[in-house]
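For the sequence shown, UniProt numbering begins at 1 and goes up steadily by one. Beta carbons are placed, not taken as given, at the ideal position from N, Cα and C, and that holds for glycine. Bear in mind that the values here come from a model prediction, so they are computed numbers and not experimental data.
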Amino acid sequence: LYSAMRGVLDLADQLIIISTPSVDGASSASTTLDWLSAHGYADLVQRSLTVISGVRETGKMIKVDDIVQHFETRCRGVVVVPFDEHLAAGAEVDLDMMRPKTREAYFHLSALVAEDFARAQQQQGLWTGDGQNPPPQFAPPMPGQQGYPAAAQPMPGQPMPGQQGGPGQPAAGQQVPGQQIPGQQPYAPQQPGPGLPYPQQQPQPQHPGQPQQGQPGQPQPYAQQPYGGQPPYGGYQAAG
1 LYSAMRGVLD LADQLIIIST PSVDGASSAS TTLDWLSAHG YADLVQRSLT
51 VISGVRETGK MIKVDDIVQH FETRCRGVVV VPFDEHLAAG AEVDLDMMRP
101 KTREAYFHLS ALVAEDFARA QQQQGLWTGD GQNPPPQFAP PMPGQQGYPA
151 AAQPMPGQPM PGQQGGPGQP AAGQQVPGQQ IPGQQPYAPQ QPGPGLPYPQ
201 QQPQPQHPGQ PQQGQPGQPQ PYAQQPYGGQ PPYGGYQAAG
């Protein structure tokens, strides 16, 4: 046995042994099972399936029932596949062109193979019969990655659901600086909003006792104390 086949047998869950309805074919298949049992694969032999393929209904020299009984004592199941002219041609397989009995035999073989899936999953810890450990919902992570991908990740700079935004970050319903509020007319170009300085101009600091200089186009703020001899609101003084 070469190393590649030994590696395949170590990873296999079950085997399908093919036999012809002849003495030589049955003897060869039985010898294969003997060799596997002698080299540490006895459990794999017990889980294997034997397929007796190409059985003709007119053949009377070979008793197929004896061959079936022999392999039933060694394998998990035996399937007899009748001879089919469509399969004997060796061309592309078309289920509609197969004989009904042949097609039914292969469906039965597929069902026997699937019966061992639950045992293999339980052995690998992927499934338990009571439903306590269901199969994984995501594929295993790629090498170098840990865990399964999250369902949804927020964009950078956005708070997680149920958390408050960080300092300087507007909360839900607040206007972002530079963003227009729906339904509000935008300001004219180069015209600042109420109480805002002109672009590229810094507000001048106000010294005690001096009025703050206004900007063109804006109402001039009045100082708290009027100058001497000047009316409070800049109007003409009535004559006495």
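Nearest to residue i (by Cα), restricted to the options the options
i	options	result
V80	P100, V64, G40 and A4	V64
R56	T102, M5, A29 and E72	T102
F71	A26, A4 and Q122	A26
I16	L33, G7, R6 and T73	L33
M61	H108, L109, S22 and S3	S22
V45	D24, I52 and R74	R74
L109	Y2, I52, V93 and A89	I52
A114	D24, T31 and R76	R76
R119	Y2, V8, D43 and A38	D43
P82	L112, V93, E92 and T58	T58
Limits of the unbroken alpha helix (DSSP H) element including residue i
i	result
V45	A42 to Q46
S19	Careful: S19 lies outside any alpha helix (DSSP H), inside the beta strand (DSSP E) at I16 to S19.
T102	P100 to E115
I67	V64 to E72
G125	Neither: G125 is in no alpha helix (DSSP H) and is coded neither H nor E.
Q5	Looking at the sequence provided, one finds Met at residue 5 rather than Gln. M5 -> alpha helix (DSSP H) spans S3 to L11.
Residue burial classification, residue i (beta-carbon count within 10 angstroms, cutoff 16)
i	result
V78	buried
P100	exposed
A105	buried
T50	buried
Y41	buried
L95	exposed
G54	buried
D66	exposed
Q237	Confidence at Q237 is low in this model, with a pLDDT of 49, below 50, so the placement of that residue is unreliable and no value is reported for it.
D10	exposed
L36	buried
D84	buried
A150	Note that A150 has pLDDT 48, beneath the 50 cutoff, so the model's placement of it is unreliable and no number is given.
R6	exposed
Q123	exposed
CB-CB length for residue i against residue j, believed under 8 Å
i	j	result
S19	A29	4 Å
Q14	S48	6 Å
M98	L87	7 Å
Element boundaries [beta strand (DSSP E), containing residue i]
i	result
V93	Run containing V93: none; DSSP gives neither H nor E here.
G77	G77 to P82
T32	Run containing T32: none in the beta strand (DSSP E); it sits in the alpha helix (DSSP H), V23 to A38.
T50	L49 to V55
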